[in-house]
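Trainee:
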Amino acid sequence: MLGALYASEQDSPGVRKQRDEYRCWLEQVDVRNLVFIDEAGIHLGMVRLFARAFRGQRAVDGVPRNQGTNVSVIGALSLDGLIASMTLKGSVDTAAFLSYSYCQDQ
(Lines of atoms letter the chains of each structure in order from A and count residues from 1; the text may use other names and numbers.)
(Lines give C-alpha, C1' and ligand atoms only; values in the text may rest on other atoms or scores of the structure.)
Protein backbone atom coordinates (compact mmCIF):
# COMPACT_ATOMS: atom_id res chain seq x y z
CA MET A 1 0.00 0.00 0.00
CA LEU A 2 1.61 3.24 -1.14
CA GLY A 3 1.74 6.11 1.38
CA ALA A 4 0.43 4.12 4.32
CA LEU A 5 3.42 4.19 6.64
CA TYR A 6 2.75 4.10 10.36
CA ALA A 7 4.74 3.66 13.55
CA SER A 8 5.60 -0.02 13.94
CA GLU A 9 5.11 0.32 17.73
CA GLN A 10 1.36 0.30 17.03
CA ASP A 11 1.66 -3.44 16.39
CA SER A 12 3.08 -4.27 19.82
CA PRO A 13 0.80 -6.31 22.13
CA GLY A 14 0.89 -3.62 24.84
CA VAL A 15 -0.24 -0.87 22.48
CA ARG A 16 -2.95 -3.08 20.99
CA LYS A 17 -4.22 -3.81 24.52
CA GLN A 18 -4.28 -0.11 25.38
CA ARG A 19 -6.17 0.62 22.15
CA ASP A 20 -8.76 -2.06 22.95
CA GLU A 21 -9.17 -0.74 26.52
CA TYR A 22 -9.63 2.78 25.17
CA ARG A 23 -12.32 1.60 22.73
CA CYS A 24 -14.18 -0.12 25.59
CA TRP A 25 -13.95 3.02 27.73
CA LEU A 26 -15.08 5.20 24.84
CA GLU A 27 -18.23 3.14 24.34
CA GLN A 28 -19.23 4.04 27.93
CA VAL A 29 -18.78 7.80 27.48
CA ASP A 30 -21.82 10.03 27.10
CA VAL A 31 -20.81 12.19 24.14
CA ARG A 32 -23.17 14.95 25.31
CA ASN A 33 -20.66 15.63 28.12
CA LEU A 34 -17.64 16.02 25.84
CA VAL A 35 -16.13 19.43 25.16
CA PHE A 36 -13.10 19.86 22.91
CA ILE A 37 -10.87 22.91 23.25
CA ASP A 38 -8.49 23.87 20.45
CA GLU A 39 -6.08 26.70 19.78
CA ALA A 40 -4.84 28.00 16.45
CA GLY A 41 -2.39 30.72 15.54
CA ILE A 42 -2.46 33.01 12.52
CA HIS A 43 0.21 35.39 11.28
CA LEU A 44 -1.49 38.39 9.67
CA GLY A 45 1.56 39.39 7.63
CA MET A 46 1.84 36.10 5.77
CA VAL A 47 2.56 36.49 2.09
CA ARG A 48 2.21 33.86 -0.61
CA LEU A 49 5.53 32.71 -2.03
CA PHE A 50 4.08 31.45 -5.31
CA ALA A 51 1.55 32.88 -7.75
CA ARG A 52 0.08 32.19 -11.18
CA ALA A 53 0.49 34.35 -14.24
CA PHE A 54 -0.21 34.07 -17.93
CA ARG A 55 2.48 32.28 -19.93
CA GLY A 56 5.46 34.55 -20.41
CA GLN A 57 4.24 37.04 -17.79
CA ARG A 58 5.62 37.55 -14.31
CA ALA A 59 3.24 37.56 -11.35
CA VAL A 60 3.63 40.87 -9.50
CA ASP A 61 1.86 42.00 -6.35
CA GLY A 62 2.40 44.21 -3.34
CA VAL A 63 3.13 42.99 0.16
CA PRO A 64 2.54 44.66 3.52
CA ARG A 65 5.42 46.90 4.58
CA ASN A 66 5.04 45.88 8.21
CA GLN A 67 5.64 42.34 9.37
CA GLY A 68 2.15 41.89 10.76
CA THR A 69 1.15 40.44 14.09
CA ASN A 70 0.38 37.01 15.44
CA VAL A 71 -3.21 36.34 16.43
CA SER A 72 -4.40 33.32 18.41
CA VAL A 73 -7.89 31.85 18.58
CA ILE A 74 -9.16 29.51 21.29
CA GLY A 75 -12.47 27.74 20.85
CA ALA A 76 -14.58 25.14 22.63
CA LEU A 77 -16.78 22.76 20.68
CA SER A 78 -19.42 20.34 21.92
CA LEU A 79 -22.13 18.22 20.36
CA ASP A 80 -24.31 21.36 20.38
CA GLY A 81 -21.76 23.32 18.33
CA LEU A 82 -19.37 26.15 19.14
CA ILE A 83 -19.63 27.03 22.82
CA ALA A 84 -17.20 29.89 23.17
CA SER A 85 -14.26 31.43 21.37
CA MET A 86 -11.65 34.03 22.20
CA THR A 87 -9.23 35.91 19.95
CA LEU A 88 -6.10 37.61 21.22
CA LYS A 89 -2.96 39.23 19.87
CA GLY A 90 0.14 37.16 20.39
CA SER A 91 0.39 33.56 21.47
CA VAL A 92 -1.62 31.64 24.03
CA ASP A 93 0.27 31.25 27.29
CA THR A 94 -0.87 30.00 30.68
CA ALA A 95 -2.34 33.37 31.67
CA ALA A 96 -4.33 33.65 28.43
CA PHE A 97 -5.69 30.12 28.72
CA LEU A 98 -6.66 30.62 32.37
CA SER A 99 -8.42 33.86 31.40
CA TYR A 100 -10.34 31.99 28.69
CA SER A 101 -11.33 29.15 31.00
CA TYR A 102 -12.27 31.57 33.81
CA CYS A 103 -14.62 33.49 31.49
CA GLN A 104 -16.34 30.23 30.53
CA ASP A 105 -17.07 29.39 34.18
CA GLN A 106 -19.02 32.61 34.70
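Using our numbering, the first residue of the sequence shown is number 1101, and each one after it goes up by one. C-beta: ideal position from N, C-alpha, C; glycine also. Being a predicted model, the structure only gives us computed values, none of them experimental.
With distances taken between CB atoms, is the gap from S1201 to N1170 smaller than 8 Å?
Mentor: Looking up residue 1201 in the sequence shown gives position 101. Looking up residue 1170 in the sequence shown gives position 70. The answer is no: Cβ separation not under 8 Å.
Trainee: Which value, in whole angstroms, describes the spacing of the CA atoms of V1173 and L1134?
Mentor: On the sequence shown, residue 1173 is found 73 positions in, with the first residue counted as 1. On the sequence shown, residue 1134 is found 34 positions in, with the first residue counted as 1. Roughly 20 Å separates the two Cα atoms.
Trainee: Is it true that the CB of V1131 sits closer than 8 Å to the CB of L1179?
Mentor: Start at 1 with the first residue of the sequence shown, and residue 1179 comes out as number 79. Start at 1 with the first residue of the sequence shown, and residue 1131 comes out as number 31. Going by C-beta atoms, L1179 is nearer than 8 Å to V1131.
Trainee: If distances are taken between C-alpha atoms only, which option among K1117, A1159, G1175 and I1183 comes closest to G1141?
Mentor: Sequence index remark: in the sequence shown, residue 1141 carries index 41 (1-based). Here the closest residue by C-alpha is G1175.
Trainee: Hey, would you say G1168 sits closer than 8 Å to L1144, going by beta carbons?
Mentor: Here residue 1168 refers to the residue found at position 68 of the sequence shown. Here residue 1144 refers to the residue found at position 44 of the sequence shown. A contact, by the Cβ cut-off of 8 Å.
Trainee: Could you give the C-beta distance for L1188 and A1195, rounded to a whole number, given that I count them as a contact under 8 Å?
Mentor: For the purposes of this step, residue 1188 is identified with residue 88 of the sequence shown, where counting begins at 1. For the purposes of this step, residue 1195 is identified with residue 95 of the sequence shown, where counting begins at 1. The pair is not a contact, with the Cβ atoms about 10 Å apart (cut-off 8 Å).
Trainee: Measure the Cβ-Cβ separation of V1115 and E1121 and say whether it is below 8 Å.
Mentor: For the purposes of this step, residue 1115 is taken as the residue at position 15 of the sequence shown. For the purposes of this step, residue 1121 is taken as the residue at position 21 of the sequence shown. In this structure, E1121 does not lie closer than 8 Å to V1115 by Cβ.
Trainee: With distance defined between alpha-carbon atoms, name the residue in A1159, S1112 and F1136 nearest to I1183.
Mentor: Walking along the sequence shown from the start, residue 1183 turns up at place 83. Here the closest residue by C-alpha is F1136.
Trainee: Where do the ends of the alpha helix (DSSP H) carrying V1115 lie?
Mentor: Within the sequence shown, numbered from 1, the residue matching residue 1115 stands at position 15. Counting along the chain, the alpha helix (DSSP H) containing V1115 begins and ends at P1113 to Q1128.
Trainee: Between A1159 and R1165, is the Cβ-Cβ spacing less than 8 Å?
Mentor: As a working note, residue 1159 is residue 59 in the sequence shown. As a working note, residue 1165 is residue 65 in the sequence shown. No, the pair does not count as a contact, with Cβ atoms beyond the cut-off.
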